[in-house]
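Asker:
4 protein chains.
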Amino acid sequence: MEPATSRRYVITFSCPDRTGIVARIAGFLADAGAWIVEAAYHADADQNWFFTRQVVRADSVPFDADELRGRFAEVAAEFGPEATWRVTDTGEKKRAVLLVTREPHCLHDLLGRVSAGELPVDITSVIGNHEALRDVVTAHRVPFHHVPFPGPRDERRESLKLEAFEEVRKLVDEQEPDAIVLARFMQVLPAHLCEQWRGRAINIHHSFLPSFAGARPYHQAHTRGVKLIGATCHYVTADLDAGPIIEQDVIRVDHSDTASDMVRRGRDIERLVLSRGLRWHLEDRVLVHGNKTVVLR
Amino acid sequence: MEPATSRRYVITFSCPDRTGIVARIAGFLADAGAWIVEAAYHADADQNWFFTRQVVRADSVPFDADELRGRFAEVAAEFGPEATWRVTDTGEKKRAVLLVTREPHCLHDLLGRVSAGELPVDITSVIGNHEALRDVVTAHRVPFHHVPFPGPRDERRESLKLEAFEEVRKLVDEQEPDAIVLARFMQVLPAHLCEQWRGRAINIHHSFLPSFAGARPYHQAHTRGVKLIGATCHYVTADLDAGPIIEQDVIRVDHSDTASDMVRRGRDIERLVLSRGLRWHLEDRVLVHGNKTVVLR
Amino acid sequence: MEPATSRRYVITFSCPDRTGIVARIAGFLADAGAWIVEAAYHADADQNWFFTRQVVRADSVPFDADELRGRFAEVAAEFGPEATWRVTDTGEKKRAVLLVTREPHCLHDLLGRVSAGELPVDITSVIGNHEALRDVVTAHRVPFHHVPFPGPRDERRESLKLEAFEEVRKLVDEQEPDAIVLARFMQVLPAHLCEQWRGRAINIHHSFLPSFAGARPYHQAHTRGVKLIGATCHYVTADLDAGPIIEQDVIRVDHSDTASDMVRRGRDIERLVLSRGLRWHLEDRVLVHGNKTVVLR
Amino acid sequence: MEPATSRRYVITFSCPDRTGIVARIAGFLADAGAWIVEAAYHADADQNWFFTRQVVRADSVPFDADELRGRFAEVAAEFGPEATWRVTDTGEKKRAVLLVTREPHCLHDLLGRVSAGELPVDITSVIGNHEALRDVVTAHRVPFHHVPFPGPRDERRESLKLEAFEEVRKLVDEQEPDAIVLARFMQVLPAHLCEQWRGRAINIHHSFLPSFAGARPYHQAHTRGVKLIGATCHYVTADLDAGPIIEQDVIRVDHSDTASDMVRRGRDIERLVLSRGLRWHLEDRVLVHGNKTVVLR
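Residue numbers (our numbering), protein chains in the order written: chain B, 1 to 297; chain P, 298 to 594; chain U, 595 to 891; chain D, 892 to 1188.
1. Whose Cβ in chain D lies nearer than 9 Å to the Cβ of residue 588 (chain P)?
2. From residue 976 (chain D) to residue 631 (chain U), what distance separates their C-alpha atoms?
3. Compare the beta carbon distance of residue 904 (chain D) and residue 974 (chain D) with 8 Å and say whether it is the shorter of the two.
4. In whole angstroms, what separates the C-alpha of residue 128 (chain B) from that of residue 134 (chain B)?
5. Inspect the beta-carbon positions of residue 219 (chain B) and residue 886 (chain U) and report whether they are closer than 8 Å.
6. Does residue 1083 (chain D) come within less than 8 Å of chain B when only Cβ atoms are used?
7. For residue 911 (chain D), which residues in the same chain have their Cβ closer than 6 Å to its Cβ, ignoring the five residues on either side in sequence?
8. With 8 Å as the threshold, decide whether the Cβ of residue 388 (chain P) is near any Cβ in chain B.
9. Consider the Cβ of residue 972 (chain D): report whether some Cβ of chain B lies at a distance smaller than 8 Å.
10. When the Cα atoms are used, what is the spatial distance from residue 763 (chain U) to residue 649 (chain U)?
11. From this set, U:646, U:642, U:767, U:621, which residue's C-alpha is nearest residue 919 (chain U)'s C-alpha?
12. Please report how far the alpha carbon of residue 35 (chain B) lies from the alpha carbon of residue 93 (chain B), in whole angstroms.
13. Can you have a look at residue 1170 (chain D) and say buried or exposed, based on whether 16 or more other CB atoms are within 10 angstroms of its CB?
14. So residue 826 (chain U) and residue 802 (chain U) are supposed to be a Cβ contact under 8 Å. How far apart are they, rounded?
15. Under 9 Å Cβ-Cβ, which residues of chain B neighbour residue 825 (chain U)?
16. Any idea if residue 954 (chain D) is buried or exposed, counting beta-carbon neighbours within 10 angstroms, 16 or more meaning buried?
17. Which residues in chain B have a C-beta closer than 9 Å to the C-beta of residue 336 (chain P)? List them in chain order.
18. With a threshold of 16 other CB atoms inside 10 Å of the CB of residue 260 (chain B), please say whether the residue is buried or exposed.
19. Is residue 960 (chain D) closer than 8 Å to residue 978 (chain D) when the C-beta atoms are compared?
20. Taking only three categories from DSSP, how would you classify residue 1059 (chain D)?
21. Taking 8 Å as the cut-off, decide whether the C-beta atoms of residue 1120 (chain D) and residue 1153 (chain D) are in contact.
22. For residue 905 (chain D), name the three-state secondary structure that DSSP assigns.
23. Give the interface partners of residue 326 (chain P) over in chain B, defined as CB-CB distance under 9 Å, in chain order.
24. Could one say the Cβ of residue 60 (chain B) lies closer than 8 Å to chain P's Cβ atoms, at least one of them?
25. Quick one: does residue 1138 (chain D) have its CB under 8 Å from some CB of chain P?
26. Measuring alpha carbon to alpha carbon, tell me which of P:388, P:306, P:342, P:347 ends up nearest residue 369 (chain P).
27. Going by the DSSP bridge assignment, what does residue 525 (chain P) pair with across the sheet?
28. So is residue 925 (chain D) in contact with chain U if we call contact Cβ pairs under 8 Å?
29. When the cut-off is 8 Å and only beta carbons count, does residue 706 (chain U) lie next to chain P?
30. Under 9 Å between beta-carbons, which chain P residues line up against residue 698 (chain U)? List them in chain order, please.
31. Please classify residue 522 (chain P) as buried or exposed, where buried requires at least 16 other C-beta atoms within 10 Å of its C-beta.
32. Which whole runs of the beta strand (DSSP E) in the stretch 741-822 of chain U are 3 residues long or more, in chain order?
33. Which one of P:500, P:481, P:493, P:501 has the shortest CA to CA distance from residue 598 (chain P)?
34. Taking the straight line between their C-alpha atoms, what separation do you get for residue 836 (chain U) and residue 463 (chain P)?
35. Apart from the five residues just before and just after residue 544 (chain U), which ones in its own chain have a Cβ nearer than 6 Å to its Cβ?
36. Going by alpha carbons, who is nearest to residue 1072 (chain D) out of D:1094, D:1062, D:1081, D:1006?
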């Protein structure tokens, strides 16, 4: 449990832009006596859309998060049906489920950060389509579920895959997670899960998208002879590797780096980019509009 | 002249933190019908200080900048004597004076950016303690003033230097500039000018401060064997190379870079860092508190 | 004229890899008494190809560059018909022709660097398809040639374009340049010029290729919502924006950057990437093999 | 065990510069039939010193590493008493001992990289002055030794500390390690151990040295208001935080980062910089001359 003074309510809100939005929200918070510790705004002139994120000290407000939600709902309603908003309480820890295959580096990194108190989340379970990573997960006292997926040459591949994804879905949904993290999970989510988990399923792709979408991006990068390689953390949509981008970064390579060197060196960027993107998601800093993100820091 | 719709009023404000500041300012702007196109806030918990920058469309407000200043002064007064604020009008172009010696790269860069419309400023004059850069300045139709400074072995050095600085001061002050840019001006400003131009005199130092303050920073860096070199844009104070930092950046070097290579390669970072820092200053994004800056982007 | 002691012979050589290449070349240089001041090697295991660049003090060798070429030719011949090599003499300054349209920033930057002695090259002429940049070019005492190109709606567009390119070709070829720099020249070179100038025509593309090839890359980047934008310096080939990459770099952007902001901020990266790529080309650091470069630093 | 074809002999050599060194070494290797897969050279003109690193396929040479050492010793002797050299065999895995306190992030990172096969080293033991990290170490099947150190107010502090260091020394030396890594070990090594482990003891300092040497560097950085924070991997010498720098990197911060944020965010850079520096040390890429390193990549 956090100390009472560090507990926060986080309000995010977006709607078509017009005058007076900031005043209305700030006035509402002032009337409630709320002490604002962080406030960020963005007005997108091209799309005429307004975005804000406000963080207030929970102990400055004379009611709880549910009451705040109820009252804020009335304010939000004034801005029409397109307004979207959310109030979260840092006193209720967010929950994440991780999906993995065999590659350990992103999993190791996230487990390490959570155990060091760096990431504000409970990893409630890890689901792997191989047994390979069970030990490290259980050593962190996190439940590991093995859901086998069919091999590439299995003739009943498609139906077995749907069955496997149905099992994954059950295991995920019973956790009611705030984030479903594809931590180098090498299976493509079926469209209905992309839709159902929209805004919660987060993938790390090992290239600087839109370059090198799809399979073996480091090998594609090596063949093209690029001088920087990157990684991209994005929300999963039915359009492969084309969802809203949360974070990206790159690292310099040169002619002496083989494709294997790029695979190894790229891991450093994958770890950083995924952990940053996940942190911002968990802190409610990422607002999605169309196929783009506004990351309010 | 900008088109009427792109003219902005920029309001910056800071004061001791408390609840209701955002609401008061946003309410004031809403009452005036102001269309906010950019808004940034920062609350410094350590120092309990609040900072904001608001940008509104000039054509959304039914009065001019002076009237806005008059009205905002009343709002600001409610927050006590420590509150500081400013309202600027992008319709009135900011003015800068540049001080130079012989090194041309920062001067070239700034003149080029202004002529390409990249930097929102009029360079009203350039003052050099050598004639070397006169031609490039006048080619840009900017007045150049040569103020000779005494050599290092002149026995009347100190008094001649004060006289030279007095001439510089007159040339600067008659321009009433918003920025006095030491664009690789290799003379140390006397304390009284640091004080008089506080918050307007901007220097580019060719190291990643606080490392390698003082003379020949690239040679110091080469001797120490660092793996990155940098540059720092900061406000000038009487304490040499120790004023509030506006912007810094670095570039990778290695053992094959001689001190001369570092001098050459460092210029790329000096240009970038100075032009970014100056831009933010001109856009009223930089609020100084104590010896630190808050850069509201 | 450089001082005699700083004059260098630069030898580049590549061939199928095998044992003894380094020894043969180093032995040849040692026998000639050559003082090696820089030496770089690369063996590409995938392609089984060997690359080297050697820099020797000209005053350490008892004969001139032509004699060195003659003698080295015999060494190179031992490594078969696929071996390629070159010997250049830093005492003979390289020559470059720049092709421009209206965008001034890369032109300004290159002219500034040459006049500051930062880039070892003579810009022998600038060819523009608009008059816009004539003044700045002639101010640097460089000849400017205006070659008009047909507008997009001219019905004789294709034939007029070929005529214009024929005029460009003549103006370029009479300079016998070591580099033909497309410094934001917005016309696509015809295939026969790509072929004729292979390995000498250098383009700056304003994206991190292979993302956003073709027109309006910053607008493409803005639409996709990427978190970094970049620039790519590459050799021109008949395959648009797909030639061997010499250098790339990126800069961070976020949701608050409009497409115009990206255009402005991207210029900083274009300038850096083009000037670095051109420098390495002029210093004979860039060896092309297939569609990739080996940049020996 | 690596496959025979990937086994390498790595030769490093440095001596006062003169003509013919490359030829002599390359000739020696060619005579031995050695297949060079990597070769790097550096000639430092200021210090007139020559450095090289050569990597050859072990299976291309008709004798073992000891025989190669014996033969190379004769070559090296020709270059006088100041020449230093080393021949290592990648078939014999390097060994490292880690020293830790309570901070887990660098330890986690190194253990994770070794278990993923990313770092070519056996961690033979970890020594901690607290019990805190025992579990994670033993989970990786690495022996953990607890050596308690006196608290800051213990009046027998100095003598107890010497005793503790004597125990550390024994535990380290019995492993005959190639690297002694201070992975956020918060004790200052006594001068005699700095001397004894010269060139093998590697520290990660959590600032961009020479800025913010000593205690609490992130707090110093926060107070100064820098815009980038960094980390430095360096060899330990008796002069605190002043040894030869192997690698450095930085990350951008701004006014919204508290000192605690800097501590958290800096860990990402510490991990990267330490793991890179250690890798280069283990791959014999780092040659020390005076107080600087040449890192041959």
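Where is the CB? At the ideal position from N, CA and C, for every residue including glycine.
Answerer: On the basis of the data shown:
1. Mapped onto the second sequence, residue 588 (chain P) falls at position 291. The answer, in chain order, is 1114, 1115, 1116.
2. Here the question's residue 976 (chain D) lines up with position 85 in the fourth sequence. Here the question's residue 631 (chain U) lines up with position 37 in the third sequence. The alpha-carbon atoms of residue 976 (chain D) and residue 631 (chain U) are separated by roughly 20 Å.
3. Locating residue 904 (chain D) in the fourth sequence gives position 13, counting from the first residue. Locating residue 974 (chain D) in the fourth sequence gives position 83, counting from the first residue. Yes, the pair counts as a contact, with Cβ atoms nearer than the cut-off.
4. Within the first sequence, the letter at position 128 stands for residue 128 (chain B). Within the first sequence, the letter at position 134 stands for residue 134 (chain B). Going from the Cα of residue 128 (chain B) to the Cα of residue 134 (chain B) covers about 8 Å.
5. If you number the first sequence from 1, residue 219 (chain B) lands on position 219. If you number the third sequence from 1, residue 886 (chain U) lands on position 292. No. Outside cutoff.
6. Counting from one through the fourth sequence, the residue named residue 1083 (chain D) turns up at place 192. Closer than 8 Å: no.
7. For the purposes of this step, residue 911 (chain D) is identified with residue 20 of the fourth sequence, where counting begins at 1. Answer for residue 911 (chain D): no residue qualifies.
8. As a first step, residue 388 (chain P) is located in the second sequence; it is residue number 91 there, counting from the start. For residue 388 (chain P), the answer is no, since every Cβ of chain B falls outside 8 Å of its Cβ.
9. In the fourth sequence, the residue the question calls residue 972 (chain D) occupies position 81. So no, residue 972 (chain D) is outside the interface.
10. Counted from its first residue, the third sequence places residue 763 (chain U) at position 169. Counted from its first residue, the third sequence places residue 649 (chain U) at position 55. The straight-line gap from Cα to Cα measures roughly 33 Å.
11. The question about residue 919 (chain U) has no answer here: the residues shown for chain U are numbered 595 through 891.
12. Within the first sequence, the letter at position 35 stands for residue 35 (chain B). Within the first sequence, the letter at position 93 stands for residue 93 (chain B). The alpha-carbon atoms of residue 35 (chain B) and residue 93 (chain B) are separated by roughly 21 Å.
13. Locating residue 1170 (chain D) in the fourth sequence gives position 279, where the first residue counts as 1. Answer is buried; the Cβ neighbour count reaches 16.
14. Here residue 826 (chain U) refers to the residue found at position 232 when the third sequence is read from its first residue. Here residue 802 (chain U) refers to the residue found at position 208 when the third sequence is read from its first residue. Indeed, because the Cβ distance is near 6 Å, the residues count as touching under 8 Å.
15. For the purposes of this step, residue 825 (chain U) is taken as residue 231 along the third sequence, with counting starting at 1. By Cβ distance, chain B contributes nothing, its closest Cβ being about 11 Å from residue 825 (chain U), past 9 Å.
16. Residue numbering aside, residue 954 (chain D) sits at position 63 when the fourth sequence is read from its first letter. So residue 954 (chain D) ends up on the exposed side.
17. On the second sequence, position 39 is the one that residue 336 (chain P) refers to. Per Cβ cutoff of 9 Å: 22, 39, 40, 41, 42, 43, 52.
18. As a first step, residue 260 (chain B) must be located in the first sequence, where it is residue number 260. By the 10 Å Cβ count, residue 260 (chain B) comes out exposed.
19. Taking the fourth sequence and counting its residues from 1, one reaches residue 978 (chain D) at position 87. Taking the fourth sequence and counting its residues from 1, one reaches residue 960 (chain D) at position 69. Yes.
20. Taking the first residue of the fourth sequence as 1, we reach residue 1059 (chain D) at position 168. Three-state DSSP puts residue 1059 (chain D) in a helix.
21. By one-based count along the fourth sequence, residue 1120 (chain D) stands at place 229. By one-based count along the fourth sequence, residue 1153 (chain D) stands at place 262. Yes; because the gap between Cβ atoms is below 8 Å, this pair is in contact.
22. Here residue 905 (chain D) refers to the residue found at position 14 when the fourth sequence is read from its first residue. Note: residue 905 (chain D) maps to strand in three-state DSSP.
23. Mapped onto the second sequence, residue 326 (chain P) falls at position 29. Here the neighbours are 19, 20, 22, 23.
24. What you label residue 60 (chain B) is simply residue 60 of the first sequence in a count that begins at 1. It does; some Cβ of chain P falls within 8 Å.
25. The residue you call residue 1138 (chain D) lines up with position 247 of the fourth sequence. Taking Cβ atoms only, chain P reaches closer than 8 Å to residue 1138 (chain D), which makes this a yes.
26. In the second sequence, counting from the first residue as 1, residue 369 (chain P) sits at position 72. Cα-wise, what sits closest to residue 369 (chain P) is P:306.
27. As a working mapping, residue 525 (chain P) is identified with position 228 in the second sequence. Partner(s): P:549.
28. Here residue 925 (chain D) corresponds to residue number 34 of the fourth sequence, with the count starting at 1. Chain U contact via Cβ: present.
29. Within the third sequence, residue 706 (chain U) is the residue found at index 112, counting from 1. Closer than 8 Å to some Cβ of chain P, the Cβ of residue 706 (chain U) qualifies, so yes.
30. Within the third sequence, numbered from 1, the residue matching residue 698 (chain U) stands at position 104. Residues of chain P passing the Cβ test: 409, 412, 413.
31. The residue given as residue 522 (chain P) occupies position 225 in the second sequence. Residue 522 (chain P) is buried by the Cβ-count criterion.
32. 773-776, 795-799
33. Since the displayed chain P opens at 298 and closes at 594, residue 598 (chain P) lies outside it and no answer follows.
34. Here residue 836 (chain U) refers to the residue found at position 242 when the third sequence is read from its first residue. Here residue 463 (chain P) refers to the residue found at position 166 when the second sequence is read from its first residue. Straight-line Cα distance between these residues: approximately 58 Å.
35. This structure cannot settle anything about residue 544 (chain U), because the visible part of chain U is limited to 595 through 891.
36. By 1-based counting over the fourth sequence, the position of residue 1072 (chain D) is 181. Answer by Cα proximity: D:1094.
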